[in-house]
Every structure is written in C-alpha cells, then in structure tokens.
Ligand SMILES: C[S@@+](CC[C@H](N)C(=O)[O-])C[C@H]1O[C@@H](n2cnc3c(N)ncnc32)[C@H](O)[C@@H]1O
C-alpha cells in the first residue's frame, strides 16, 4: 500500500496534534482514538509524540485491517479494538491508569464512500447496505422497504434535516409497491423526482441528506456518540482532553450540549445559593467556539470543509 495516499487527509490534523501536546505526561499517556478509520490521526500522533500510546476503536473490521497494516510499524504502541465506541467503558475501565485523551472524528471515511461497495454513495450503483461492521442487523434496504411512510418521514426529517421528507417518503412508498428498492441509484432517482427541480441546491445532490439520514438510522450513530462521550469523561485523568470533530449539526449539537453540561457545576433550576444538586464541574471548555479548518486545509481536502472541532479538559 502506498501510504502517501493518506497524506494529510485527516481532518483538522494540526489542531488535533496541538491538543495532544503534553498528554504523554497526563494519566497513563494513552490517547484513545475512538474512530480509528484508516489510522490517519493515530499515525500522526504516534509519529509526533514518541511517549504516547494509542488504543484505537473501529467498529468496521474491513477498514480496521487497513489501519492495522498502516500502523504495523508502531507495534507495541497501538492496540486495536474492533467495537463500537459506545463500549469505551467495557474496554477501558479495567486499565490501571487513567486515560490521557479521547479523539472522535465522527461519520465515515472516504474508504466507505469509494471502496467499501456498501452503498454509502449515490454516485455508484451498489446495494443499499450502509452497515458499519457486521453486527448491526438491519441494512438500508430493510429500512427503505419496511419502515412505514411516517417512520421514513421521521428519520429523513430528523437525521437528514430535509424539508421535503414527507414527499420523499411518499415517493419511496409508491415506488416500493411495484417491487423492492435495492440499489443506490434507484433511490437517488426517487429522491431526485420527489424534490421539485427549482428547489435543487447547486452543487449538492438532492439525495445527500436522505443518504445521511439512512446511514445514521442503520448504524444508530447519534446514540453511540452520546453514550460514548458520557462514558469517556470519568475515564479521563485530570488534565486529559476530549477532542471531538463533527461534520453536521446533529453531531455538533450533541457534543456542544454534553460538554456544556459537564462544564457547569450546578444543574438544578434554583438560584445558586439554594442549589441542591451538588454537582461539581467535570471539565473546562478549551474551545468556546468550535475550531474550523483553515482555507489551506479546505483547499487540499474538501471533506474538511464542514468540520468543527470542540475540545474540553478534565478537571
Ligand atoms: C472519519 S473516519 C475516521 C478517520 C480517521 N480519523 C483518520 O484520520 O484516518 C470515522 C471512522 O469511525 C468509524 N466509526 C463510526 N462510528 C463508530 C462507532 N460508533 N464506533 C467505532 N467506530 C466508528 C467509521 O467506521 C470510520 O472508519
């Protein structure tokens, strides 16, 4: 494999490296890369900080094999966990030391769009699968062909933030009454027909939001984020950091709300002097506003253009 293929494709790589500085002296010197993917961030962290070790979570075993090969040169400094990052506690609680950092780079990788053959892209004619890893039961074809019109409307609206959700769901149900919808291009055409052409947005395929919604539903992505972030905080050493990179508002909202809540002391509704909740803040926010990639990064890596990173530090 030519590793130059990967060069700088990891989003907000300078910012991630910046926030890893000093983590070797915090807790046990272990950074948990919760979204290992092809191992880009992990490779950079291990190269830059010789004292840091990484535990990498990846729920998709096919892409994990690519990361294993890429990171082979760091044997002894990297551990691989083929599981959902929602299970961080199960894998990390029994460790002796506390964790120095958690990194999240949500969503899927370019491998999934371009090479997985699992129907993540509406630009290729593939089966509607969209499962990350083999454990999850229902695939995208199941959702499209079995959910009621109301359920489809709901997920397209909620996870795709698509204003034409109801009409798209109606078109899907009409089409599937003629036979099951099984291919990506078929679905993309249905969506295209459902949204009146004067509402098509330049440079954004009308099916983008529907494909995002399906992927989120199939993999239950948002619950995993919420569960993992909450479980990560108690595992962190004081001074340890959580870096979370989001690509759409649904992900970012979860990160923002959890970080805010954990950074507040009192969570009850009373005046401070009558507080009964007795909560102390667990973290402080290191980024009051999310960090965005610079123009130079966006020019080199289009995928980075919607990225936002938030960072907090355990107290
Ligand atoms: C954007 S990619 C990560 C890219 C990586 N940071 C890099 O620099 O190469 C996100 C990865 O996280 C994985 N992933 C998504 N949700 C996950 C979850 N809940 N648990 C574990 N891995 C997950 C996806 O399979 C994908 O490979």
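Residue numbers (my numbering): 852 to 1166.
For each residue, glycine too, the CB sits at the ideal point set by N, CA and C.
Check: Secondary structure, beta strand (DSSP E): runs of 3+ residues fully inside the segment 857-884; Outcome: 881-884
Check: Length of the line joining the Cα atoms of residue 1103 and residue 956; Outcome: 11 angstroms
Check: For residue 953: DSSP bridge partner residues; Outcome: 883 and 1093
Check: Chain-order list of residues whose beta-carbon lies under 7 angstroms from that of residue 1098 (same chain, five-residue window excluded); Outcome: 957, 958, 1157 and 1158
Check: Residue of 1064, 1014 and 1150 minimising C-alpha distance to residue 1052; Outcome: 1014
Check: Sequence ranges, alpha helix (DSSP H) only - wholly within the segment 966-1030, length at least 4; Outcome: 991-997, 1000-1011 and 1016-1027
Check: Distance, residue 1144 Cα to residue 1150 Cα; Outcome: 10 angstroms
Check: Assigned secondary structure, residue 902 (DSSP; H/G/I helix, E/B strand, else coil); Outcome: coil
Check: Check: residue 1072 C-beta below 7 angstroms from any heavy atom of ligand 3; Outcome: In the structure shown, ligand 3 is absent; the only ligands present are ligand 1.
Check: Cβ pair count under 8 angstroms reaching 3, the segment 937-948 against the segment 915-928; Outcome: no
Check: Boundaries of the beta strand (DSSP E) in which residue 1136 is found, first to last residue; Outcome: 1134-1136
Check: Any non-hydrogen atom of ligand 1 closer than 7 angstroms to residue 1054 Cβ; Outcome: no
Check: C-alpha gap between residue 990 and residue 1069, whole angstroms; Outcome: 6 angstroms
Check: contact_flag[the segment 893-910, the segment 961-981] where n(CB pairs < 8 angstroms) is 3 or more; Outcome: no
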